[in-house]
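Peer 1:
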Amino acid sequence: MEMRKERGLSQATVARDLGVSLGIVCYWETNKSDPTASNIAKVARYFNVSSDYLLGLAD
């Protein structure tokens, strides 16, 4: 959510660009659901960060 907001992107835009539903993005951001490994990889590529960064394992 922080990276999305920093870039001025809506949840709908991120969902469309990643090929997932808006509801999935909402669930990720509210910790109601965890993304699959393949979706973590998509998000990492989309925001140009490592999967470790997304998982809180790296700075």
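Residue numbers (our numbering): 1268 to 1326. Heads up, the beta-carbon is just placed ideally off N, CA and C, and yes, glycines get one too. Note that the coordinates shown come from a computational prediction; the quantities given were computed from them, not determined experimentally.
(1) With a threshold of 6 Å on Cβ separation, who are the neighbours of residue 1281 within its own chain once the five nearest residues in sequence on each side are excluded?
(2) Residues in the same chain with beta-carbon distance under 8 Å from residue 1313, minus the five sequence neighbours each way, listed in chain order, please.
(3) Below 8 Å between beta carbons: does that hold for residue 1315 and residue 1287?
(4) Using a Cβ-Cβ cutoff of less than 6 Å, which residues in the same chain neighbour residue 1296 once the five nearest sequence positions on both sides are dropped?
(5) Starting from residue 1285, trace the alpha helix (DSSP H) both ways and give me its first and last residue.
Peer 2: Let me spell this out:
(1) Taking the sequence shown and counting its residues from 1, one reaches residue 1281 at position 14. If we look at residue 1281 and ignore the five residues flanking it on each side, its Cβ neighbours are 1271 and 1292.
(2) Here the question's residue 1313 lines up with position 46 in the sequence shown. Taken in chain order, the residues that qualify are 1281, 1284 and 1285.
(3) Your numbering for residue 1315 matches position 48 in the sequence shown. Your numbering for residue 1287 matches position 20 in the sequence shown. It is not a contact, given that the beta carbons lie outside the stated cut-off.
(4) As a position in the sequence shown, residue 1296 is number 29, starting the count at 1. Result list for residue 1296: 1268, in chain order.
(5) Translated into positions along the sequence shown, residue 1285 becomes position 18. Here the alpha helix (DSSP H) through residue 1285 covers 1278-1285.
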